[in-house]
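Written below as structure tokens is the structure these notes are about.
2 protein chains.
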Amino acid sequence: AIKAINLSKHYQLGDELIKALDGVNLSVAKSEFVAIMGPSGSGKSTLMHLLGLLDLADSGEVFIEGQSTKSLNDDELTALRRDKLGFIFQNFELIPSLNASENILLPAEVAKKKQAGEERLKVLAEQLGITNRLEHKPNQLSGGQRQRIAIARALINDPAVILADEPTGNLDSKTSTEVLKVLRQGVDKYNWTVVMVTHDLAAAKFADRIINFRDGKIYKKDEQK
Amino acid sequence: AIKAINLSKHYQLGDELIKALDGVNLSVAKSEFVAIMGPSGSGKSTLMHLLGLLDLADSGEVFIEGQSTKSLNDDELTALRRDKLGFIFQNFELIPSLNASENILLPAEVAKKKQAGEERLKVLAEQLGITNRLEHKPNQLSGGQRQRIAIARALINDPAVILADEPTGNLDSKTSTEVLKVLRQGVDKYNWTVVMVTHDLAAAKFADRIINFRDGKIYKKDEQK
Ligand SMILES: Nc1ncnc2c1ncn2[C@@H]1O[C@H](COP(=O)(O)OP(=O)(O)OP(=O)(O)O)[C@@H](O)[C@H]1O
Ligand SMILES: Nc1ncnc2c1ncn2[C@@H]1O[C@H](COP(=O)(O)OP(=O)(O)OP(=O)(O)O)[C@@H](O)[C@H]1O
Ligand SMILES: [Mg+2]
Ligand SMILES: [Mg+2]
Chain A
4 AIKAINLSKH YQLGDELIKA LDGVNLSVAK SEFVAIMGPS GSGKSTLMHL
54 LGLLDLADSG EVFIEGQSTK SLNDDELTAL RRDKLGFIFQ NFELIPSLNA
104 SENILLPAEV AKKKQAGEER LKVLAEQLGI TNRLEHKPNQ LSGGQRQRIA
154 IARALINDPA VILADEPTGN LDSKTSTEVL KVLRQGVDKY NWTVVMVTHD
204 LAAAKFADRI INFRDGKIYK KDEQK
Chain B
4 AIKAINLSKH YQLGDELIKA LDGVNLSVAK SEFVAIMGPS GSGKSTLMHL
54 LGLLDLADSG EVFIEGQSTK SLNDDELTAL RRDKLGFIFQ NFELIPSLNA
104 SENILLPAEV AKKKQAGEER LKVLAEQLGI TNRLEHKPNQ LSGGQRQRIA
154 IARALINDPA VILADEPTGN LDSKTSTEVL KVLRQGVDKY NWTVVMVTHD
204 LAAAKFADRI INFRDGKIYK KDEQK
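Residue numbers (this note's numbering), protein chains in the order written: chain A, 4 to 228; chain B, 4 to 228.
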């Protein structure tokens, strides 16, 4: 469902070249749940942003459901993100002026699926334990509550591919398990494809396989082409 | 070194009353390392903000090194924070326009201890693995690198009391251990007092005792007066 071929991305800072991604090959099948683990600073979020079409690689290609994204223009990329992808950001990226419910429903509004979204919201809020916090703005919520709003927002349209960047970092173990069960159930029952970055081995074990990342590359033994 | 007596704090949202803290009693001795664990939304960050004099309780009192903070004015609170406390925020709160080094040195500048701070910065950056990222701005850093900048900033003046709100949530286990060792060493060698909120039991085990939190209260069995 989502594939990366020889992805590379570097940053230039003054006269320093930082190779954030150095030739990444990754293939995730439909209805597969993959976990990515690796040291802080090794390139995981950079990879996730390229997979999520939020950023452009310097070289290499991303395929979504078999379709190459290399030559798509901005409108086409926006449509693809809107229709196929759900992204859970490591730092949440909630809109401060909107309350939790409004933040969560944003993708449903954009995709013109607001009514379905509102039904879905009830179910998700229950599963994630945030039903009584939907009127709060982000600055009136705890760190873990904000994280769960970001999670619900990514899932509101039941997208084909979910990219989760460290979705349980601010959650206690009971709440983490609830979140991971929602993801696992989505894969098993509704054929979601999930790519999850995590630093927590217990979380990674909910996935079908674990990919190890280091210095902008996937370990040779975990590569798939 | 830091004490809370019967602390309470509520929030009013429309006609809903939220009791974030409901009579918290806590006493941490000098050179003690205490971990606080509890469910997401249970009031831990609220407690940390009161202990750090960043917010005012509705009732109850905070004591820093035996001194009551209840009747201090704003200037006195600012001076106490500057001279005695180091705070690691759950969401980092870095200044976007400053690079890592400038962010870290901010408390040293404020306390007029810039030279000592620059020496200290070299050591801390080494211990936290961020030496080659000091020129980067926050948006040019990974989540875990930002977290380590926030940690270094809290420690730059060797404060008497360090309040760490989930300091390892974005770090892989190896880097987490490095951070926890810095805190542990600070307590053992330099007599720091550390209060750390964490969702990670492995991290909590670096502390001398673990306090369990729930629904705005400390478990009866973990209370100390
Ligand atoms: N805009 C930028 N300019 C320069 N360097 C950058 C920029 N963005 C990221 N980097 C660097 O690229 C590397 C990879 O960053 P990335 O955010 O992908 O790491 P990560 O694996 O997600 O880490 P973490 O586990 O801490 O979240 C880091 O070393 C980071 O400092
Ligand atoms: N400004 C506010 N207005 C209303 N409610 C608030 C406000 N700030 C926090 N709350 C509520 O107070 C409760 C405690 O929040 P707090 O941030 O202390 O939780 P926490 O234990 O740190 O959680 P986490 O582990 O998720 O970080 C939460 O239920 C939160 O929704
Ligand atoms: Mg990251
Ligand atoms: Mg918190």
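Note that CB positions come from ideal geometry on N, CA and C, so glycine has one too. Bear in mind that the values here come from a model prediction, so they are computed numbers and not experimental data.
Notebook entry, point to check: Which same chain residues, not among the five before or five after residue 149 of chain B, have their C-beta less than 8 Å away from its C-beta?
Noted result: The residue given as residue 149 of chain B occupies position 146 in the second sequence. Same-chain partners within the cutoff: 95, 97, 141 and 173.
Notebook entry, point to check: Under 8 Å Cβ-Cβ, which residues of chain B neighbour residue 175 of chain A?
Noted result: In the first sequence, the residue the question calls residue 175 of chain A occupies position 172. Those are 40, 41, 42, 43 and 202, listed as they occur along chain B.
Notebook entry, point to check: Short check: CB of residue 123 of chain B to CB of residue 161 of chain B, under 9 Å?
Noted result: Here residue 123 of chain B refers to the residue found at position 120 of the second sequence. Here residue 161 of chain B refers to the residue found at position 158 of the second sequence. The answer is yes: Cβ separation under 9 Å.
Margin query: Quick check on residue 169 of chain A: buried or exposed, where buried means 16 or more other Cβ atoms within 10 Å of its Cβ?
Written below: As a position in the first sequence, residue 169 of chain A is number 166, starting the count at 1. Per the 10 Å Cβ criterion, buried.
Checklist line | beta-carbon residue 117 of chain B near ligand 1 non-hydrogen atom, thresh 8 Å | finding: As a working note, residue 117 of chain B is residue 114 in the second sequence. No, Cβ of residue 117 of chain B sits at least 8 Å from all heavy atoms of ligand 1.
Check: Between which two residues does the alpha helix (DSSP H) carrying residue 52 of chain A extend?
Finding: Within the first sequence, residue 52 of chain A is the residue found at index 49, counting from 1. Run containing residue 52 of chain A: 47 to 54, per the alpha helix (DSSP H) assignment.
Item checked: Beta bridge counterpart(s) of residue 24 of chain B as assigned by DSSP -> Position 21 of the second sequence holds residue 24 of chain B. DSSP, once it has assigned bridges, lists B/12 as partnering residue 24 of chain B.
Next item on the list: Identify each residue in the region 143 to 163 of chain B for which the Cβ-Cβ distance to at least one residue of chain A is less than 9 Å, and report them in chain order.
Entry: 143, 144, 145, 146, 147, 148, 149, 150 and 151
Next item on the list: Report the rounded CA-to-CA distance for residue 219 of chain A versus residue 23 of chain A, giving the unit in angstroms.
Entry: For the purposes of this step, residue 219 of chain A is identified with residue 216 of the first sequence, where counting begins at 1. For the purposes of this step, residue 23 of chain A is identified with residue 20 of the first sequence, where counting begins at 1. The straight-line gap from Cα to Cα measures roughly 5 Å.
Item checked: residue 124 of chain A, enclosing alpha helix (DSSP H) - first and last residue -> Here the question's residue 124 of chain A lines up with position 121 in the first sequence. Run containing residue 124 of chain A: 117 to 131, per the alpha helix (DSSP H) assignment.
Margin query: When you compare the CB of residue 138 of chain B with every CB in chain A, is at least one pair closer than 9 Å?
Written below: Taking the first residue of the second sequence as position 1, residue 138 of chain B is located at position 135. Answer yes: the Cβ-Cβ gap between residue 138 of chain B and chain A drops below 9 Å somewhere.
Next item on the list: List the whole-angstrom C-beta distance separating residue 197 of chain A from residue 190 of chain A, where the pair is believed to meet the contact cut-off of C-beta under 8 Å.
Entry: Working through the first sequence from its first residue, we reach residue 197 of chain A at position 194. Working through the first sequence from its first residue, we reach residue 190 of chain A at position 187. Indeed, because the Cβ distance is near 6 Å, the residues count as touching under 8 Å.
Notebook entry, point to check: By the 10 Å Cβ neighbour count, where 16 or more other Cβ atoms means buried, how is residue 194 of chain A classified, buried or exposed?
Noted result: Sequence index remark: in the first sequence, residue 194 of chain A carries index 191 (1-based). Residue 194 of chain A comes out exposed.
Item checked: Integer-rounded CB distance, given that residue 156 of chain B should sit under 8 Å from residue 102 of chain B -> Numbered from its first residue, the second sequence carries residue 102 of chain B at position 99. Numbered from its first residue, the second sequence carries residue 156 of chain B at position 153. So it is not a contact: roughly 12 Å between Cβ atoms.
Checklist line | Cβ pair count under 8 Å reaching 3, the region 207 to 219 of chain A against the region 37 to 54 of chain A | finding: yes
Item checked: the region 63 to 81 of chain B / the region 114 to 131 of chain B touching (three or more Cβ pairs under 8 Å) -> no
Notebook entry, point to check: Are the beta-carbon atoms belonging to residue 8 of chain B and residue 65 of chain B less than 9 Å from one another?
Noted result: In the second sequence, the residue the question calls residue 8 of chain B occupies position 5. In the second sequence, the residue the question calls residue 65 of chain B occupies position 62. Yes, the pair counts as a contact, with Cβ atoms nearer than the cut-off.
Next item on the list: Identify, in the order they occur along the chain, each residue of the same chain with its Cβ nearer than 8 Å to the Cβ of residue 4 of chain B, setting aside the five sequence neighbours on each side.
Entry: By 1-based counting over the second sequence, the position of residue 4 of chain B is 1. Counting only Cβ-Cβ distances below 8 Å, and skipping sequence neighbours, we find 31, 32, 33, 34, 35, 67, 68, 163, 164 and 196.
Next item on the list: Would you kindly check if the distance between the Cβ of residue 167 of chain A and the Cβ of residue 200 of chain A is under 9 Å?
Entry: In the first sequence, residue 200 of chain A corresponds to position 197, counting from 1. In the first sequence, residue 167 of chain A corresponds to position 164, counting from 1. Their beta carbons are under 9 Å apart, which means residue 200 of chain A touches residue 167 of chain A by this criterion.
Note to self: By the DSSP assignment, the alpha helix (DSSP H) with residue 105 of chain A in it spans what residues?
What the structure shows: Looking up residue 105 of chain A in the first sequence gives position 102. 103 to 113 is the extent of the alpha helix (DSSP H) around residue 105 of chain A.
Check: Cβ of residue 93 of chain A less than 9 Å from any chain B Cβ?
Finding: Position 90 of the first sequence holds residue 93 of chain A. Output row for residue 93 of chain A: interface = yes.
Note to self: Looking at residue 119 of chain A: is its Cβ nearer than 9 Å to the Cβ of residue 171 of chain A?
What the structure shows: By one-based count along the first sequence, residue 119 of chain A stands at place 116. By one-based count along the first sequence, residue 171 of chain A stands at place 168. It is not a contact, given that the beta carbons lie outside the stated cut-off.
Check: Looking at the structure shown, is residue 135 of chain A part of a helix, part of a strand, or coil, going by DSSP?
Finding: What you label residue 135 of chain A is simply residue 132 of the first sequence in a count that begins at 1. Helix at residue 135 of chain A.
Item checked: residue 12 of chain A and residue 58 of chain A closer than 9 Å at C-beta -> Translated into the one-based positions of the first sequence, residue 12 of chain A becomes position 9. Translated into the one-based positions of the first sequence, residue 58 of chain A becomes position 55. Against a cut-off of 9 Å, the Cβ pair of residue 58 of chain A and residue 12 of chain A comes out as a contact.
Next item on the list: To the nearest angstrom, report how far apart residue 108 of chain B and residue 121 of chain B are at their CA atoms.
Entry: The count along the second sequence starts at 1 and reaches residue 108 of chain B at position 105. The count along the second sequence starts at 1 and reaches residue 121 of chain B at position 118. Near 7 Å, if we compare the C-alpha coordinates of residue 121 of chain B and residue 108 of chain B.
Notebook entry, point to check: Counting only beta-carbon atoms, is residue 14 of chain B nearer than 9 Å to chain A?
Noted result: In the second sequence, residue 14 of chain B corresponds to position 11, counting from 1. Chain A, which has a Cβ nearer than 9 Å to the Cβ of residue 14 of chain B, makes this yes.
Note to self: For residue 169 of chain A, would you say it is in contact with chain B, using Cβ-to-Cβ distances shorter than 9 Å as the test?
What the structure shows: If you number the first sequence from 1, residue 169 of chain A lands on position 166. True, the Cβ-Cβ gap to chain B drops below 9 Å.
Next item on the list: Measuring alpha carbon to alpha carbon, tell me which of A/204, A/158 and A/159 ends up nearest residue 176 of chain A.
Entry: Stepping through the first sequence from its first residue, residue 176 of chain A is reached at position 173. For the residues A/204, A/158 and A/159, the minimum Cα distance to residue 176 of chain A belongs to A/204.
Next item on the list: Compute the minimum distance between the beta carbon of residue 179 of chain A and the heavy atoms of ligand 4, and state whether it is under 8 Å.
Entry: For the purposes of this step, residue 179 of chain A is taken as the residue at position 176 of the first sequence. No - ligand 4 has no heavy atom lying nearer than 8 Å to the Cβ of residue 179 of chain A.
Note to self: Please report the straight-line C-alpha distance between residue 60 of chain A and residue 87 of chain A, rounded to a whole angstrom.
What the structure shows: Position 57 of the first sequence, counted from the first residue, corresponds to residue 60 of chain A. Position 84 of the first sequence, counted from the first residue, corresponds to residue 87 of chain A. Answer to the nearest angstrom: the Cα atoms are 19 Å apart.
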